[in-house]
Every structure is written in C-alpha cells, then in structure tokens.
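Engineer: In this text, residue positions in the sequence shown follow my numbering: the first is 1, and each later residue adds one.
Every residue gets a Cβ at the ideal spot worked out from N, C-alpha and C, and that includes glycine.
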Amino acid sequence: MQYQTQAAAPAGAIATAQNKVLRNTYMMLALTMIPTVIGAFIGISVNFSFMAEHPVMSALLMFGAMMGMLFAVTALRNSVWGIVALLGFTFVAGVLLGPILQVALHLRNGAQLVGMAAGGTGIIFGSLATVATVTKKDFSFMGKFLFIGLILLVIASLANIFFQIPALALTISAIAVLIFSAYILYDVSQIVQGGETNYVMATLGLYMNIYNLFINLLQLLMALSGERD
1 MQYQTQAAAP AGAIATAQNK VLRNTYMMLA LTMIPTVIGA FIGISVNFSF MAEHPVMSAL
61 LMFGAMMGML FAVTALRNSV WGIVALLGFT FVAGVLLGPI LQVALHLRNG AQLVGMAAGG
121 TGIIFGSLAT VATVTKKDFS FMGKFLFIGL ILLVIASLAN IFFQIPALAL TISAIAVLIF
181 SAYILYDVSQ IVQGGETNYV MATLGLYMNI YNLFINLLQL LMALSGERD
C-alpha cells in the first residue's frame, strides 16, 4: 500500500507538470496571435514588388530570415528572452503574410476567403488538439514520417519556384494542409506525453503548424473559389 502511494505521487507530479506546460503553451500561443495580426496589418500596406520581380531571391531571403529567428528562439528558449524572441518572430511572420494577403484581398471575395481560412485553421487546430489531449494517445510514431514528408514538401516548394506549375502548387498546398494538421496531433501529443517540457519550444512548434496551415488553406481557397474581376 505504501509502495503504491509512493509510486502514485511521482506520477501525479509528472501529470501536473505536463498540464502546466500545456496550459502555458496555449496561453503563449494565444499571445503570439497579437504580434502576428499587427504584423499582418503592416504587411498589407508594404510594397512587396521586389518579391514579384525576384521570386527566387525573395524566397531565399525570407527563408534565411525565418531560420535565423528560429535559431534565436531556440538558443534563448530557457530564458525570458526566449519569449521576447518568440514574439518578435511571430511579428515578422505576420509581416511576411503581407504578399498572400494582398493577393487575396484583391479578389472580390478576398476578405471572405481570409476569414474562411482563419476559421478553418481554428477548427482544425481545436479539433486535433482536443483529440490529442482527451485521448492521450501517443502519436510519436508519426514523427519520422512527418519529418520526411516535410523535407519532400520543402524540396517540391523550392522546385516550383522555378517551374511555376499551377497544378503542382495546388497539390503542394493540399499535401501541406495534411502534413501540418498531422503535426498538430504529433506536437500536442508530445506535450501531453511529456516529450516536450519547454513551453517556448512547444508554442513555436504549434505556431508554425497553425501559420503554415492558414497559408496553405488560403492558397487552396483562392485557387478554387477566388472571384477575380
């Protein structure tokens, strides 16, 4: 009886710690939406003509900037500066939404499509996060498959910068929606199972899933339902 009580105590402490990480992650995730929205409003008014004229160079510069800030967040994850770096990263990410939002809002039903993409992203995230949290199923087996799929997705996206094939772009967006949806299951499961104990890194992972899910949903909606003048 005494042994069972002693064993239950650490288990309870672990569960409490995991719940704390999950709670802090969701709170931080909600907070990251503020600089993202502010950045997006700024991005809408910025002239991105350089990106249209030099798509390859622009894509590489954006990728380099994002990777640099991701490295900063990772390096500072165990201090309060990690939170500052994370919020700074989400602000820049919001600004970089400018080009796709400008294209979307030039459509007659652009505002509606942006709202649908945001709503769809919220529904997908809420549903999958609930599944991972309530069932407490371990989805860690998906990690290797998702990583390989993500690498192939990046390669295909970079290749299509040169080829500019609309059908391929549509296929890439559809696959990206599936991959980042699955990553939500995987990342929330990692937190619930105790595989991720740093809420800054946990927030960063979920934020990237939501960010990419929104972009690719919006691209699909614009391609399939966009009403041009």
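For residue 190, would you say it is in contact with chain C, using Cβ-to-Cβ distances shorter than 8 Å as the test?
Structural biologist: The structure shown contains no chain C; it is built from a single protein chain.
Engineer: Hey, how far is the Cα of residue 60 from the Cα of residue 66?
Structural biologist: Numbered from its first residue, the sequence shown carries residue 60 at position 60. Numbered from its first residue, the sequence shown carries residue 66 at position 66. Near 10 Å, if we compare the C-alpha coordinates of residue 66 and residue 60.
Engineer: Would a C-beta distance cut-off of 8 Å place residue 89 and residue 113 closer than the cut-off?
Structural biologist: Reading the sequence shown from its first residue, position 89 is the one you call residue 89. Reading the sequence shown from its first residue, position 113 is the one you call residue 113. No.
Engineer: Can you tell me the Cβ-Cβ gap for residue 182 and residue 142, rounded? I've got them flagged as a contact below 8 Å.
Structural biologist: In the sequence shown, the residue the question calls residue 182 occupies position 182. In the sequence shown, the residue the question calls residue 142 occupies position 142. At roughly 6 Å, the Cβ-Cβ gap stays under 8 Å, so residue 182 and residue 142 are in contact.
Engineer: Drop a sphere of 10 angstroms on the beta-carbon of residue 224, count the other beta-carbons inside from all chains shown, and report buried for 16 or more, exposed for fewer.
Structural biologist: As a first step, residue 224 is located in the sequence shown; it is residue number 224 there, counting from the start. Label assigned to residue 224: exposed.
Engineer: Quick one: measure Cβ to Cβ for residue 79 and residue 139, integer angstroms, because I've assumed they're closer than 8 Å.
Structural biologist: Taking the sequence shown and counting its residues from 1, one reaches residue 79 at position 79. Taking the sequence shown and counting its residues from 1, one reaches residue 139 at position 139. In this structure residue 79 does not touch residue 139 by the C-beta definition: roughly 30 Å separates them, more than the 8 Å allowed.
Engineer: With a Cβ-Cβ cutoff of 8 Å, do residue 179 and residue 146 count as a contact?
Structural biologist: In the sequence shown, residue 179 corresponds to position 179, counting from 1. In the sequence shown, residue 146 corresponds to position 146, counting from 1. Their beta carbons are under 8 Å apart, which means residue 179 touches residue 146 by this criterion.
Engineer: Reducing DSSP to helix, strand and coil, say where residue 46 ends up.
Structural biologist: Along the sequence shown, one-based indexing puts residue 46 at 46. The answer is coil: DSSP assigns residue 46 none of H, G, I, E or B.
Engineer: Does DSSP put residue 219 in a helix, a strand or coil?
Structural biologist: Reading the sequence shown from its first residue, position 219 is the one you call residue 219. Residue 219 falls in the helix class under three-state DSSP.
Engineer: Along the chain, which unbroken stretches of the alpha helix (DSSP H) at least 4 residues long are found entirely within the segment 127 to 165?
Structural biologist: Within the segment 127 to 165, the complete alpha helix (DSSP H) segments of 4 residues or longer fall at 143 to 163, listed in chain order.
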